[in-house]
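One structure is given below, encoded as structure tokens.
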Amino acid sequence: MAWKSDPILVKPGLRLTSEEKADILSRMPPPSSTDGHIYVDGVFEGGGVRGIAFLGALRCCDDLGFRWRKLAGTSAGAITAALVAANFQIDELERIVGGLNYMEFLTQKTSWLIWNGNPADDLRSPVRLIFNLLISRRLGEYNSDPFRDWLQDNLQQRGLKTFKDIRNSPFGADLKVIVSDITSGEMLVLPDDLEIEAIEGLGRPKLIEQLGLRNRDEFSIAEAVRLSMSIPFFFQPGKLGSRRIVDGGILSNFPLWVYDVPTQAERSSTVRRCPRWPTFGLRLTEEGFQKQAKIAGPFDMLGAMFKTMMVAHDRHHLNQSNQGRVINIDVTEARVTATEFDISDSKKDILYQLGYQQAKEFFHTWNWSKHLELRGFDPADLIP
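Residue numbers for the sequence shown follow the working numbering, so the first one is 170 and each next one is one higher.
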């Protein structure tokens, strides 16, 4: 039987009351003068299967009537961002993501020479994983085509395939996906960076030219997300023209900054424009569940480095202005690793409830005017 959120949502005291909604909405930016909706942007951190917690937070946002306009994400967070940008409603998101069997993505090994048991064990034992790859002469154990096909099929239900389709849709969303380019050693924001030189200074064609695209927005959403969640050594690296691409979380697991970067027009203006609505970051945290590594030799060191590369969060300090827009979801209670692909429904329940609860707690103390002041804006300058 597919996982459902109904048993969690009926728990006493979980969902927002009408009084709580009214209080929270009184501190939000004013509704749009054209359609009466309250718009927000969202940036989703990578977190593997623990991203189920985002569904709970999104349900809380839906209860408040928020409409999403700009979305971004890394790795598993890019999956959520893409489906939200495609305007799937919360009930549909819970059916698609919550009911997902992640093991179905791991059905195509890149070689018959790769022998393993539970795929999650490979990420905990990188020496064996790398040995498998050396024997099979492959760069990853699994082909990520099943994931791409799954996402593509779901997007096609909305008549969506490319970034252009989302931008030109009636709901007019924007989507950005973070990937790691290990050929040039840099982070890429898709689709924006498809128009940069393939290798700057060498006169090579732009990526859109290598890919046979007329413009960056013709790039496939499903392919971008597939590239962003291609865990190194686990999934076969993707390609963008001449570049090898892996999981975006290697270089930026929580791209909260992505919609703060000014456009060319904004850079040339002497006036700093006040945002019309907030950008909320949805981030997964945990305390003490991950055991400290014991490093007694080179293989221990390799394992510790591999684990850090795969599942470590951006632990850098978020300044005060950014802390005020980050919904931190502490998932320690669920005791779930990012790569627990065979996650049980009971653990999904815990993650979902934590997501709703902690989003609700965040909104109880959040204030639009105070938020603008922390970011250096004058609320009086808000553009109507």
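Every residue gets a Cβ at the ideal spot worked out from N, C-alpha and C, and that includes glycine.
Quiz item: What are the residues that DSSP puts in a beta bridge with Arg413?
Solution: As a working mapping, residue 413 is identified with position 244 in the sequence shown. The partner list for Arg413 (beta bridge, DSSP) reads Lys408.
Self-check item: Trp281, buried or exposed, once every other Cβ within 10 Å from all chains shown has been counted against 16
Solution: Reading the sequence shown from its first residue, position 112 is the one you call residue 281. Classification of Trp281: exposed, given that the 10 Å Cβ count is below 16.
Exercise. Just confirm the distance between the C-beta atoms of Ile519 and Val218, as a whole number of angstroms; I'd bet it's less than 8 Å.
Key: The residue you call residue 519 lines up with position 350 of the sequence shown. The residue you call residue 218 lines up with position 49 of the sequence shown. Rounded, the Cβ-Cβ distance is 12 Å, inconsistent with contact.
Quiz item: Would you say Ala393 and Gly216 are within 7 Å of each other, going by their C-beta atoms?
Solution: Residue numbering aside, residue 393 sits at position 224 when the sequence shown is read from its first letter. Residue numbering aside, residue 216 sits at position 47 when the sequence shown is read from its first letter. Contact flag unset, no.
Quiz item: Hey, quick one: how far does the alpha helix (DSSP H) through Leu303 stretch, first residue to last?
Solution: Indexing the sequence shown from 1 puts residue 303 at position 134. 295-305 is the extent of the alpha helix (DSSP H) around Leu303.
Quiz prompt | Reduced DSSP category for Met170 - H, G, I as helix; E, B as strand; rest coil | solution = The residue given as residue 170 occupies position 1 in the sequence shown. Of the three classes helix, strand and coil, the one that applies to Met170 here is coil, per DSSP.
Exercise. Could you spell out the range, first to last residue, of the alpha helix (DSSP H) harbouring Trp426?
Key: Locating residue 426 in the sequence shown gives position 257, counting from the first residue. It is not in any alpha helix (DSSP H) - Trp426 carries neither H nor E in the DSSP assignment.
Practice problem: Evaluate contact between the region 533-546 and the region 302-311, counting only Cβ atoms and requiring at least three cross-stretch pairs below 8 Å. | Solution: no
Exercise. Could you tell me which residues DSSP puts in a beta bridge with Ala251?
Key: Here residue 251 corresponds to residue number 82 of the sequence shown, with the count starting at 1. Bridge partners of Ala251: none, in fact.
Practice problem: Give the range of the alpha helix (DSSP H) segment to which Tyr208 is assigned. | Solution: As a first step, residue 208 is located in the sequence shown; it is residue number 39 there, counting from the start. Unbroken run through Tyr208 is the beta strand (DSSP E), 207-213; no alpha helix (DSSP H).
Exercise. Tell me whether the beta-carbon of Leu224 lies closer than 7 Å to the beta-carbon of Gly267.
Key: In the sequence shown, the residue the question calls residue 224 occupies position 55. In the sequence shown, the residue the question calls residue 267 occupies position 98. Yes, Cβ-Cβ distance for Leu224 and Gly267 is below 7 Å.
Self-check item: Between the CA atoms of Phe316 and Ile259 - distance to the nearest angstrom
Solution: Here residue 259 corresponds to residue number 90 of the sequence shown, with the count starting at 1. Here residue 316 corresponds to residue number 147 of the sequence shown, with the count starting at 1. Near 21 Å, if we compare the C-alpha coordinates of Phe316 and Ile259.
Quiz item: For the alpha helix (DSSP H) that Ala222 lies in, which residues bound it at each end?
Solution: Mapped onto the sequence shown, residue 222 falls at position 53. Looking at the DSSP string, the run of the alpha helix (DSSP H) that includes Ala222 is 221-232.
Quiz prompt | Euclidean distance between Cα positions of Asn270 and Ala251 | solution = For the purposes of this step, residue 270 is taken as residue 101 along the sequence shown, with counting starting at 1. For the purposes of this step, residue 251 is taken as residue 82 along the sequence shown, with counting starting at 1. Straight-line Cα distance between these residues: approximately 19 Å.
Exercise. Please name the residue, chosen from Arg445, Leu357, Thr534, that lies closest to Arg413 on a Cα-to-Cα basis.
Key: In the sequence shown, the residue the question calls residue 413 occupies position 244. For Arg413, the nearest C-alpha among the options comes from Leu357.
Quiz item: Taking DSSP as the reference, what is the three-state secondary structure of Trp319?
Solution: Position 150 of the sequence shown holds residue 319. Here Trp319 sits in helix by DSSP.
Quiz item: What's the C-alpha gap between Pro360 and Pro176?
Solution: As a working note, residue 360 is residue 191 in the sequence shown. As a working note, residue 176 is residue 7 in the sequence shown. Straight-line Cα distance between these residues: approximately 39 Å.
Quiz item: With respect to the beta strand (DSSP E) encompassing Ile347, which residues constitute its N-terminal and C-terminal limits?
Solution: Counting from one through the sequence shown, the residue named residue 347 turns up at place 178. From DSSP, the beta strand (DSSP E) with Ile347 extends over 343-350.
Practice problem: Within 10 angstroms of the Cβ of Leu409, are there 16 or more other Cβ atoms? Answer buried if so, exposed if not. | Solution: To locate residue 409, count along the sequence shown from 1; it is residue 240. Counting Cβ neighbours within 10 Å, Leu409 comes out buried, since at least 16 surround it.
Quiz item: Are Glu542 and Thr501 close, meaning C-beta to C-beta below 7 Å?
Solution: Here the question's residue 542 lines up with position 373 in the sequence shown. Here the question's residue 501 lines up with position 332 in the sequence shown. Not closer than 7 Å, so no.
Exercise. Count the CB pairs spanning the region 204-216 and the region 227-236 that are closer than 8 Å, and state whether there are at least three.
Key: yes
Quiz item: Out of curiosity, what's the CA-to-CA distance linking Phe300 and Gly417?
Solution: If you number the sequence shown from 1, residue 300 lands on position 131. If you number the sequence shown from 1, residue 417 lands on position 248. Looking at the two C-alpha atoms, the distance is approximately 24 Å.
Practice problem: On a CA-only basis, which of Lys173, Arg264, Leu183 is nearest Tyr525? Give me that one, please. | Solution: As a working mapping, residue 525 is identified with position 356 in the sequence shown. It is Leu183 whose Cα lies nearest to the Cα of Tyr525.
Quiz item: Since Gly242 sits in a beta bridge, which residues does DSSP pair it with?
Solution: Numbered from 1 along the sequence shown, position 73 holds the residue referred to as residue 242. Paired residues: Phe213, Val346.
Quiz item: Since Thr534 is in the alpha helix (DSSP H), which residue starts that stretch and which ends it?
Solution: By 1-based counting over the sequence shown, the position of residue 534 is 365. From DSSP, the alpha helix (DSSP H) with Thr534 extends over 514-534.
Quiz item: Cα separation between Phe257 and His540?
Solution: Counting from one through the sequence shown, the residue named residue 257 turns up at place 88. Counting from one through the sequence shown, the residue named residue 540 turns up at place 371. Roughly 28 Å between the two C-alpha positions.
Quiz prompt | Residue-level contact to chain D via CB, Arg307, 7 Å cutoff | solution = Here there is only one protein chain, and chain D is not present.
Quiz item: In whole angstroms, what separates the C-alpha of Leu178 from that of Leu382?
Solution: Here residue 178 corresponds to residue number 9 of the sequence shown, with the count starting at 1. Here residue 382 corresponds to residue number 213 of the sequence shown, with the count starting at 1. Approximately 45 Å, taken between the alpha carbons.
Quiz item: Is the distance from the Cβ of Leu425 to the Cβ of Val253 below 7 Å?
Solution: Here residue 425 corresponds to residue number 256 of the sequence shown, with the count starting at 1. Here residue 253 corresponds to residue number 84 of the sequence shown, with the count starting at 1. No, the Cβ-Cβ distance between Leu425 and Val253 is not below 7 Å.
Quiz item: So, are the CB atoms of Val415 and Ile365 less than 7 Å apart?
Solution: The residue given as residue 415 occupies position 246 in the sequence shown. The residue given as residue 365 occupies position 196 in the sequence shown. In this structure, Ile365 does not lie closer than 7 Å to Val415 by Cβ.
Quiz item: Sorted by chain position, which residues of the same chain lie with C-beta nearer than 8 Å to Leu329's C-beta, five sequence neighbours on each side aside?
Solution: Start at 1 with the first residue of the sequence shown, and residue 329 comes out as number 160. For Leu329, where only same-chain residues beyond five positions count, the Cβ hits under 8 Å are Ala255, Ile335, Ser338, Ile390.
Quiz item: Helix, strand or coil for Leu453 per DSSP?
Solution: Against the sequence shown, residue 453 aligns to sequence position 284. DSSP places Leu453 in strand when its eight states are reduced to three.
Exercise. Assign Glu355 to one of three DSSP states: helix, strand, or coil.
Key: Indexing the sequence shown from 1 puts residue 355 at position 186. DSSP places Glu355 in strand when its eight states are reduced to three.
Practice problem: Have a look at Ile377 and Gly286 and give me their C-alpha separation to the nearest angstrom. | Solution: Numbered from its first residue, the sequence shown carries residue 377 at position 208. Numbered from its first residue, the sequence shown carries residue 286 at position 117. For Ile377 and Gly286, the distance between alpha carbons rounds to 40 Å.
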